[in-house]
Amino acid sequence: EDQVTQSPEALRLQEGESSSLNCSYTVSGLRGLFWYRQDPGKGPEFLFTLYSAGEEKEKERLKATLTKKESFLHITAPKPEDSATYLCAVQALTSSNDYKLSFGAGTTVTVRA
Amino acid sequence: ETGVTQTPRHLVMGMTNKKSLKCEQHLGHNAMYWYKQSAKKPLELMFVYSLEERVENNSVPSRFSPECPNSSHLFLHLHTLQPEDSALYLCASSHTTGVLTTEAFFGQGTRLTVV
Numbered sequence: 021e022d023q024v025t026q027s028p029e030a031l032r033l034q035e036g037e038s039s040s041l042n043c044s045y046t047v048s049g050l051r052g053l054f055w056y057r058q059d060p061g062k063g064p065e066f067l068f069t070l071y072s073a074g075e076e077k078e079k080e081r082l083k084a085t086l087t088k089k090e091s092f093l094h095i096t097a098p099k100p101e102d103s104a105t106y107l108c109a110v111q112a113l114t115s116s117n118d119y120k121l122s123f124g125a126g127t128t129v130t131v132r133a
Numbered sequence: 004e005t006g007v008t009q010t011p012r013h014l015v016m017g018m019t020n021k022k023s024l025k026c027e028q029h030l031g032h033n034a035m036y037w038y039k040q041s042a043k044k045p046l047e048l049m050f051v052y053s054l055e056e057r058v059e060n061n062s063v064p065s066r067f068s069p070e071c072p073n074s075s076h077l078f079l080h081l082h083t084l085q086p087e088d089s090a091l092y093l094c095a096s097s098h099t100t101g102v103l104t105t106e107a108f109f110g111q112g113t114r115l116t117v118v
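Chains D and E supply the protein sequences, listed in that same order. With positions in the first sequence counted from 1, the corresponding number in the numbering used here is that position plus 20. With positions in the second sequence counted from 1, the corresponding number in the numbering used here is that position plus 3.
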């Protein structure tokens with residue numbers, strides 16, 4: 021069974037204090053790993069897709085990286101508007117799971133001014 | 004209108020009521036999903052439709068009944084729910100070729116409270 025574990029559960033940062041979120045996964049062949057941002061009371065907003073180990077994607081202050089066992093979401097010099105819950109999801113290569121995204125529980129990031 | 008739209012945004016219903024959640028996508032996608040999000044838990048996949056055909060039902064209780072009349076619309080019919088069914092219900096859509104499925108785009112969700 022696919023497993024996705026995110027850590028830490030919660031992260032409190034001072035504005036400008038860079039940090040990283042971890043997403044560890046166990047899947048029978050990775051088709052893709054996805055990062056989402058979710059604000060309270062709203063649906064997840066797509067950020068990145070990573071397909072293979074060594075791949076990196078960047079968007080503003082966010083950078084996602086991928087290894088064979090985990091992904092990191094690096095937040096550089098965060099601002100209060102980066103406060104949100106960040107979700108990681110994996111999609112397996114197994115054909116029967118072609119449509120299934122397995123999500124982690126998320127990391128809630130709070131950035132104080 | 005663009006993206007994925009869900010209505011209503013909030014719903015309070017009694018355990019004997021029947022209600023429906025609606026989802027509409029304007030992205031030209033061919034797969035649609037219902038997810039349940041409970042506090043402090045990962046998103047749980049409930050139903051998947053691809054080309055209007057249901058392809059996965061993750062052992063969801065029969066009090067939840069999906070309907071996909073076309074590739075742009077998805078419904079979740081609710082009846083005789085339990086208080087533990089209170090959660091945020093999220094609709095999503097994506098494009099699939101059967102070999103590769105792109106990232107899913109989510110609606111804003113319906114906050115359901117069962118009393």
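Even glycine gets a Cβ: it sits at the ideal position worked out from N, Cα and C.
Do the CB positions of residue i and residue j come within less than 8 Å of each other?
{"i": "Q111 of chain E", "j": "K77 of chain D", "result": "no"}
{"i": "L33 of chain D", "j": "S91 of chain D", "result": "no"}
{"i": "F109 of chain E", "j": "L93 of chain E", "result": "yes"}
{"i": "C71 of chain E", "j": "Y52 of chain E", "result": "yes"}
{"i": "S39 of chain D", "j": "I95 of chain D", "result": "yes"}
{"i": "R81 of chain D", "j": "P98 of chain D", "result": "yes"}
{"i": "L91 of chain E", "j": "R66 of chain E", "result": "no"}
{"i": "L113 of chain D", "j": "S48 of chain D", "result": "yes"}
{"i": "E106 of chain E", "j": "T69 of chain D", "result": "yes"}
{"i": "L115 of chain E", "j": "L46 of chain E", "result": "no"}
{"i": "S104 of chain D", "j": "V24 of chain D", "result": "Here residue 104 of chain D is Ala; the residue named in the question, Ser, does not match the sequence. In this structure, V24 of chain D does not lie closer than 8 Å to A104 of chain D by Cβ."}
Can you name the start and end residues of the beta strand (DSSP E) that residue i belongs to?
{"i": "T25 of chain D", "result": "23-27"}
{"i": "N33 of chain E", "result": "First-last for N33 of chain E: undefined, no H or E at that position."}
{"i": "E106 of chain E", "result": "First-last for E106 of chain E: undefined, no H or E at that position."}
{"i": "P30 of chain D", "result": "In the sequence as displayed, the identity of residue 30 of chain D is Ala instead of Pro. A30 of chain D -> beta strand (DSSP E) spans 30-34."}
{"i": "Q28 of chain E", "result": "21-28"}
{"i": "R66 of chain E", "result": "Here R66 of chain E belongs to no beta strand (DSSP E), and DSSP marks it neither H nor E."}
{"i": "G52 of chain D", "result": "50-58"}
{"i": "A95 of chain E", "result": "90-97"}
{"i": "M49 of chain E", "result": "47-53"}
{"i": "V15 of chain E", "result": "13-16"}
{"i": "E59 of chain E", "result": "56-60"}
What whole-angstrom Cβ distance do residue i and residue j have, given they're in contact under 8 Å?
{"i": "V117 of chain E", "j": "M49 of chain E", "result": "Going by Cβ atoms, the distance from V117 of chain E to M49 of chain E rounds to 16 Å, so no, they are not a contact pair."}
{"i": "K22 of chain E", "j": "L81 of chain E", "result": "5 Å"}
{"i": "Y106 of chain D", "j": "V131 of chain D", "result": "Actually they do not touch by this definition, with Cβ atoms about 12 Å apart."}
{"i": "Q111 of chain D", "j": "R51 of chain D", "result": "4 Å"}
{"i": "T127 of chain D", "j": "L31 of chain D", "result": "6 Å"}
{"i": "N73 of chain E", "j": "E56 of chain E", "result": "Contact doesn't hold; Cβ gap of about 12 Å is too wide."}
{"i": "R12 of chain E", "j": "T104 of chain E", "result": "Contact doesn't hold; Cβ gap of about 27 Å is too wide."}
{"i": "E37 of chain D", "j": "P100 of chain D", "result": "About 12 Å separates the two Cβ atoms, so there is no contact after all."}
contact_flag[the region 98-117 of chain E, the region 31-42 of chain E] where n(CB pairs < 8 Å) is 3 or more: yes
Report yes or no: do the region 68-84 of chain E and the region 36-50 of chain E share at least 3 C-beta pairs separated by less than 8 Å? yes
Can you give, in chain order, each stretch of the beta strand (DSSP E) that sits fully within the region 70-126 of chain D and has at least 3 residues? 76-79, 82-86, 90-95, 104-112, 121-123
Residues, ordered as in the chain, of the region 50-64 of chain D that lie near chain A by beta-carbon distance below 9 Å: Chain labels in this structure do not include chain A; the protein chains are D and E.
Is the region 42-51 of chain D in contact with the region 83-99 of chain D, if contact means three or more CB pairs nearer than 8 Å? yes
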